[in-house]
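**Student:** So that you can map any letter, position 18 of the sequence shown is 17 in numbering that gives the first Met the number 0, and since no number is skipped, the others follow by simple counting.
Note that beta-carbon positions come from the ideal geometry of N, C-alpha and C, so glycine has one too.
Predicted, not measured: the structure shown is a model, and the values here were computed from it.
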Amino acid sequence: MNELRKIVSNSNSIAITSHVDPDGDSIGSILALWLALKQKHKNKNTKVFINEALPDRYNFLPQSKHIKRYEDIKEKKFDLFFALDCGNKARLGQSIEAMEKSNVVVNIDHHISNTGFGDINIVDINSSSTCEMIYSIIKDMGLAIDPQIATCIYMGIVT
């Protein structure tokens with residue numbers, strides 16, 4: 000986690016996204032990581048986005064209104080690109096364009112079929128969800144788990 004902490008600290012622009020047809024784990028994990036990074040790194044340009052409009056069933060999640068559609072940010076090139084809950088880069092849909100332009104790609108996933116497409120791959124097939132992994136990563140990075148982050152993590156673990 001020291002390497003990840005250093006990469007985050009050295010990055011001015013950060014993208015956080017997940018797979019097409021998002022589910023509770025993908026939405027919960029991207030929101031939880033975004034909220035945690037925004038706590039400590041307020042001055043960084045940190046974007047959270049998915050390929051399509053957020054399904055209405057996730058509107059109750061804290062700060063979900065900040066999840067953008069990829070087409071609204073696609074002109075961006077990022078220092079750091081997080082791909083969460085995504086077994087292979089094809090599942091990123093259109094946002095693969097931003098991934099390919101980014102300096103460092105971090106792939107965080109729990110699926111046994113993960114292809115290891117990131118520069119850094121954090122894959123734990125024994126985890127119940129990517130949200131479970133994000134909880135551990137947030138704690139290992141010395142960031143706080145507040146009620147909003149906890150709600151997002153819970154969403155991903157139970158769905």
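Going by CA-CA distance only, name the one from N44, N50 and L83 that's closest to V122.
**Tutor:** Locating residue 122 in the sequence shown gives position 123, counting from the first residue. Among N44, N50 and L83, the Cα nearest to that of V122 is on L83.
**Student:** Run the CB neighbour count on N113, radius 10 Å, all protein chains shown included, and call it buried at 16 or more, exposed below.
**Tutor:** Start at 1 with the first residue of the sequence shown, and residue 113 comes out as number 114. Answer is buried; the Cβ neighbour count reaches 16.
**Student:** Buried or exposed for I111, going by 16 or more other Cβ atoms inside 10 Å?
**Tutor:** For the purposes of this step, residue 111 is taken as the residue at position 112 of the sequence shown. When all chains shown are included, I111 counts as exposed.
**Student:** Three-state secondary structure (DSSP) at K46?
**Tutor:** Translated into positions along the sequence shown, residue 46 becomes position 47. K46 falls in the strand class under three-state DSSP.
**Student:** Of the choices V19, K46 and D20, whose alpha-carbon is the least far from that of L183?
**Tutor:** In the structure displayed, the chain extends from 0 to 158; residue 183 sits before or after that span and is not available.
**Student:** Under the assumption that R68 contacts A52 (Cβ atoms under 8 Å), give the Cβ distance between them as a whole number of angstroms.
**Tutor:** On the sequence shown, residue 68 is found 69 positions in, with the first residue counted as 1. On the sequence shown, residue 52 is found 53 positions in, with the first residue counted as 1. Between A52 and R68 the Cβ distance is about 6 Å, and since that is below 8 Å, they are a contact.
**Student:** Could you check how far apart the C-beta atoms of I66 and F77 are, in whole angstroms? I think they sit under 8 Å.
**Tutor:** One-based indexing of the sequence shown puts residue 66 at position 67. One-based indexing of the sequence shown puts residue 77 at position 78. Going by Cβ atoms, the distance from I66 to F77 rounds to 16 Å, so no, they are not a contact pair.
**Student:** Assuming the contact rule is C-beta atoms closer than 8 Å, G92 and T129 should be a hit. Round their C-beta distance to whole Å, please.
**Tutor:** Counting from one through the sequence shown, the residue named residue 92 turns up at place 93. Counting from one through the sequence shown, the residue named residue 129 turns up at place 130. The Cβ separation is near 17 Å, so there is no contact.
**Student:** Is the beta carbon of Q38 less than 8 Å from the beta carbon of A149?
**Tutor:** Residue mapping note: residue 38 aligns to position 39 of the sequence shown, counting from 1. Residue mapping note: residue 149 aligns to position 150 of the sequence shown, counting from 1. Cβ distance not < 8 Å, so Q38 and A149 don't count as in contact.
**Student:** Let me know if P21 comes out buried or exposed under the rule of 16 or more other beta-carbons within 10 Å of its beta-carbon.
**Tutor:** Taking the sequence shown and counting its residues from 1, one reaches residue 21 at position 22. Buried: at least 16 other Cβ atoms inside 10 Å.
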